[in-house]
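What follows is a short report on a single structure.
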Amino acid sequence: MTKLRRNAAALRAIRGADTVYISVNVGRGMWLSSAAAAIARMSGARVFLHHHSYSYVRRRTARMRALTSAAGPSALHITLSATMADDLRAVMPEIRRVIVVGNAALVDQALLDLPLKRDGAELVLGHLSNLRLDKGIAEVVDLAVELHRVGAPVRLLIAGPTADRESVRHLDRAERELGPLFEYLGPVVGPAKLAFYGSITHFVFPSRYVHEAVPLVLYEAMAAGVVCLALRQGSIAEQLAGSPGRLAESVESFVRETAPGLVGAQVSAATSNQSRQAFLQALTTSEKQLDDLTDLLVTPHR
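Using this note's numbering, the letters of the sequence shown correspond one by one to residues 6 to 307.
Right, dumping it as structure tokens:
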């Protein structure tokens, strides 16, 4: 009941506003976003719709049609990447106005103070997420176990809360098969998160999470000078462009595609720096895009 009252109060507050910014909900919550957009439009306000999920960008849905219709042709749609903008236009051709505002500016810039990886450092794989199957926990463990099986010197660090029993099972499997070469750190924040990124050389993120768009954890890893291994999910291919990161075509082939490149691989300061520089380029672009959005939001409408 408290949530219902809060939502009702938010909808009432829209009336009389000059500009209404809506972070678009997913699932059934998109109907609430549609109601907010409709009230804002009828009140004569400018409507800004910020899209964070890729789940409704892949295919045309009734909820997205309702949101787009409610917001009207003058609404400004905000996406996290150019790829996401193109895909949104392809699915919803009636959308006329789209801008890109990347999220690299949201990354803790203390990561930039971490030393780059040194030449010849040991191979340390890392994974950080809400640990669950669709975030890739099984494939992360599979990759480390396969490298260990073929004699490649490797350690594995996993961080983040467990979200289901399956993730716990895979953590147990890693401990059983890797022994002292594996460590589970649990949830990490602040200095513990910095220490995690400072300890790894490769960030493994084979996520097929339906909402995945531009994962902040990949930018965090890049800022720390870590090489990323991921899937072509959401806008990840665009996100890793210019970095030494590697992309696998599917979750089924992830280990088969990534393991050979890690056997006998040499960690290098040059590669670490390339990863960080790719983040810095994304950061510069994101900050400019955020400034442009801020200017649009504060410019009087009436």
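All C-beta atoms, glycine included, are put in the ideal place defined by N, C-alpha and C.
Under 6 Å Cβ to Cβ from residue i, same chain only, skipping five residues before and after it: list those, please.
i, result
"residue 88", "240 and 243"
"residue 147", "260"
"residue 219", "85, 86, 108, 240 and 244"
"residue 262", "253"
Straight-line CA distance for residue i to residue j?
i, j, result
"residue 198", "residue 50", "41 Å"
"residue 213", "residue 236", "7 Å"
"residue 308", "residue 186", "Residue 308 cannot be examined here, being either before or after the span of the chain that is shown, 6 to 307."
"residue 35", "residue 133", "28 Å"
"residue 248", "residue 44", "43 Å"
"residue 25", "residue 106", "17 Å"
"residue 140", "residue 151", "19 Å"
"residue 63", "residue 170", "29 Å"
"residue 295", "residue 195", "24 Å"
"residue 293", "residue 93", "22 Å"
"residue 193", "residue 116", "14 Å"
"residue 275", "residue 290", "23 Å"
"residue 232", "residue 77", "42 Å"
"residue 59", "residue 175", "27 Å"
"residue 114", "residue 66", "37 Å"
"residue 189", "residue 217", "24 Å"
"residue 314", "residue 98", "Nothing can be reported for residue 314: it is not among the residues displayed for the chain, which extend from 6 to 307."
"residue 278", "residue 42", "44 Å"
"residue 119", "residue 145", "24 Å"
"residue 226", "residue 48", "44 Å"
"residue 284", "residue 228", "6 Å"
"residue 101", "residue 234", "35 Å"
"residue 81", "residue 282", "31 Å"
"residue 305", "residue 53", "14 Å"
"residue 30", "residue 246", "28 Å"
"residue 126", "residue 71", "53 Å"
Excluding the five sequence neighbours on either side, which residues of its own chain have a C-beta within less than 8 Å of the C-beta of residue i, listed in chain order?
i, result
"residue 129", "159, 160, 161, 162, 204, 205, 206 and 207"
"residue 172", "136, 137, 138 and 142"
"residue 255", "236"
Quick one: is residue i buried, meaning 16 or more other Cβ sit within 10 Å of its Cβ, or exposed?
i, result
"residue 230", "buried"
"residue 154", "exposed"
"residue 257", "exposed"
"residue 302", "exposed"
"residue 9", "Here the model assigns residue 9 a pLDDT of 48, short of 50, so the residue's position is not dependable and the matter cannot be decided."
"residue 271", "exposed"
"residue 299", "exposed"
"residue 79", "exposed"
"residue 28", "exposed"
"residue 164", "buried"
"residue 209", "buried"
"residue 167", "buried"
"residue 280", "buried"
"residue 266", "exposed"
"residue 211", "buried"
"residue 103", "buried"
"residue 297", "exposed"
"residue 268", "exposed"
"residue 95", "exposed"
"residue 123", "exposed"
"residue 191", "exposed"
So, for residue i: in the same chain, excluding its five sequence neighbours on each side, which residues have a beta-carbon less than 7 Å away from its beta-carbon?
i, result
"residue 221", "108, 111 and 112"
"residue 287", "107, 109 and 224"
"residue 264", "148, 151 and 152"
Does the beta carbon of residue i fall short of 7 Å from some heavy atom of the ligand HEM?
i, result
"residue 179", "Absence of the ligand HEM is noted for the structure shown, with no ligands found whatsoever."
Is the Cβ of residue i closer than 8 Å to any Cβ of chain B?
i, result
"residue 283", "Among the protein chains of the structure shown there is no chain B, as only one such chain exists."
Beta strand (DSSP E) runs wholly inside the region 60-118, at least 3 long, in chain order:
81-84 and 102-105
Ignoring anything shorter than 3 residues, give me the beta strand (DSSP E) runs that lie fully in the region 192-251, in order along the chain.
207-210 and 232-236
Could you tell me which whole alpha helix (DSSP H) segments of length 4 or greater appear in the region 22-47?
34-47
So within the region 256-287, which uninterrupted alpha helix (DSSP H) runs reach at least 4 residues, ignoring any that extend past its ends?
259-267
Let me know the beta strand (DSSP E) ranges lying completely inside the region 133-169, each 3 residues or longer, listed in chain order.
159-164
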